[in-house]
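First comes the structure, then the notes that go with it.
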Ligand code: PMP
């Protein structure tokens with residue numbers, strides 16, 4: 003029943019459903035691609051110090067220190083960086099700013115499901131380009147479709163979600179060349195775990211917007227900091243949207259913690275390497291259990307078992323307090339997405355799967 007006060011557009015929305023965050027004791031939580039390691043201790047110190055001074059004042063609406071830290075790390079200017087309350091907010095602003103065009107936005111059919119929610123929210127038409135049989139983004143087909151004419155822009159996640167498969171930079175360049183008059187948005191939420199970033203292409207491509215997050219490789223999902231990089235006219239557009247929506251998306255604690263985390267390169271490298279190493283070991287163990295494992299450049303694995311229903315496996319794991327993500331969606335309903343946890347968490351997952359598979 004639709005409450006009578008809702009506008010027609012809101013009544014028609016199908017909002018994104020995030021992975022659950024239950025409060026279950028001793029849960030092995032491998033369902034929302036969080037980093038299993040804590041953030042840099044210097045980030046926690048910085049947040050504590052920020053909490054002790056100045057919370058009665060608004061934060062800097064321009065997020066100057068944070069944008070400078072991001073720019074410094076990536077060899078960009080502050081004017082080429084936009085910061086938002088998680089990359090989901092950055093993506094939402096980018097959809098609003100760039101894709102409300104007279105032609106449809108092109109996205110892969112298997113990708114981060116929030117893209118279609120933003121499109122629906124803003125009334126943006128989408129055309130879905132099927133991923134290939136191996137669930138790889140077909141960049142050539144996307145580029146050909148864009149070259150063929152009516153295009154409102156392109157969005158790809160690289161590495162893609164929920165598959166974890168990365169696209170080589172040459173293929174991103176092909177998309178940029180095929181869509182010169184519209185924005186090509188590359189969502190690099192997982193790029194630090196082995197993908198190739200498109201950030202070095204910004205200088206040559208005025209239509210490129212790269213979006214990243216501190217939620218995954220910087221272990222700051224709870225702080226909500228994401229950013230976009232591109233040539234300054236694109237960043238100006240995002241600032242216009244932000245300043246028409248919420249002037250202060252980055253609060254004082256978030257800014258302090260994010261800057262400190264970005265400056266702690268050693269912690270970043272250590273935790274990232276541990277995740278990558280655990281991922282490779284987990285992939286082999288899952289293959290030993292009979293799973294097909296897609297090649298992942300992210301902090302999760304996308305797997306299917308030829309002999310077992312994915313939803314049933316997810317439910318059996320849940321009953322053993324192990325959470326993984328199952329998407330009841332076309333083409334991927336027989337897959338499970340498993341976030342890479344600590345070695346102990348992954349061991350518990352493998353043990354639980356071993357029990358389940360031998361019992362059925
Ligand atoms: N992009 C992709 C592909 C994701 O999987 C996620 C995490 N759900 C996000 C963006 C958003 O991450 P955050 O808002 O935490 O930065």
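In this note's numbering, the protein residues as written are 3 to 362.
Where a beta carbon is used, it is the ideal one built from N, C-alpha and C, also for glycine.
It should be emphasised that the depicted structure is a prediction, and the values quoted were computed from it without experimental measurement.
Starting from residue i, follow the alpha helix (DSSP H) in both directions and report where the run begins and ends.
{"i": "residue 259", "result": "254-265"}
{"i": "residue 44", "result": "43-54"}
{"i": "residue 76", "result": "66-76"}
{"i": "residue 123", "result": "116-124"}
{"i": "residue 13", "result": "10-14"}
Taking the beta strand (DSSP E) that residue i falls in, what are its first and last residues?
{"i": "residue 231", "result": "228-231"}
{"i": "residue 102", "result": "Counting along the chain, residue 102 falls outside any beta strand (DSSP E), and DSSP gives it neither H nor E."}
{"i": "residue 214", "result": "210-215"}
{"i": "residue 159", "result": "156-159"}
{"i": "residue 348", "result": "First-last for residue 348: 345-361, but that is the alpha helix (DSSP H), not the beta strand (DSSP E)."}
{"i": "residue 152", "result": "Residue 152 -> no beta strand (DSSP E), and no H or E assigned at all."}
{"i": "residue 339", "result": "338-341"}
Alpha carbon to alpha carbon, how far is residue j from residue i? Give it in angstroms, no decimals.
{"i": "residue 350", "j": "residue 275", "result": "21 Å"}
{"i": "residue 162", "j": "residue 113", "result": "6 Å"}
{"i": "residue 5", "j": "residue 122", "result": "19 Å"}
{"i": "residue 159", "j": "residue 233", "result": "19 Å"}
{"i": "residue 251", "j": "residue 217", "result": "15 Å"}
{"i": "residue 320", "j": "residue 353", "result": "13 Å"}
{"i": "residue 239", "j": "residue 59", "result": "27 Å"}
{"i": "residue 201", "j": "residue 61", "result": "28 Å"}
{"i": "residue 153", "j": "residue 296", "result": "30 Å"}
{"i": "residue 8", "j": "residue 308", "result": "44 Å"}
{"i": "residue 338", "j": "residue 166", "result": "12 Å"}
{"i": "residue 92", "j": "residue 78", "result": "18 Å"}
{"i": "residue 139", "j": "residue 345", "result": "30 Å"}
{"i": "residue 171", "j": "residue 206", "result": "13 Å"}
{"i": "residue 111", "j": "residue 186", "result": "16 Å"}
{"i": "residue 223", "j": "residue 17", "result": "20 Å"}
May I ask you to check if the CB of residue i is nearer than 7 Å to at least one heavy atom of the ligand PMP?
{"i": "residue 114", "result": "yes"}
{"i": "residue 52", "result": "no"}
{"i": "residue 93", "result": "yes"}
{"i": "residue 37", "result": "no"}
{"i": "residue 89", "result": "yes"}
{"i": "residue 223", "result": "yes"}
{"i": "residue 189", "result": "yes"}
{"i": "residue 42", "result": "no"}
{"i": "residue 262", "result": "no"}
{"i": "residue 165", "result": "no"}
{"i": "residue 146", "result": "no"}
{"i": "residue 159", "result": "yes"}
{"i": "residue 228", "result": "yes"}
{"i": "residue 217", "result": "yes"}
Looking at the structure shown, is residue i part of a helix, part of a strand, or coil, going by DSSP?
{"i": "residue 111", "result": "coil"}
{"i": "residue 1", "result": "The question about residue 1 has no answer, for the chain in this structure spans 3 to 362."}
{"i": "residue 247", "result": "coil"}
{"i": "residue 322", "result": "coil"}
{"i": "residue 306", "result": "strand"}
{"i": "residue 86", "result": "strand"}
{"i": "residue 189", "result": "strand"}
{"i": "residue 129", "result": "strand"}
{"i": "residue 31", "result": "strand"}
{"i": "residue 295", "result": "strand"}
{"i": "residue 364", "result": "In the structure displayed, the chain extends from 3 to 362; residue 364 sits before or after that span and is not available."}
{"i": "residue 327", "result": "strand"}
{"i": "residue 95", "result": "helix"}
{"i": "residue 270", "result": "helix"}
{"i": "residue 234", "result": "helix"}
{"i": "residue 19", "result": "coil"}
{"i": "residue 242", "result": "helix"}
{"i": "residue 311", "result": "coil"}
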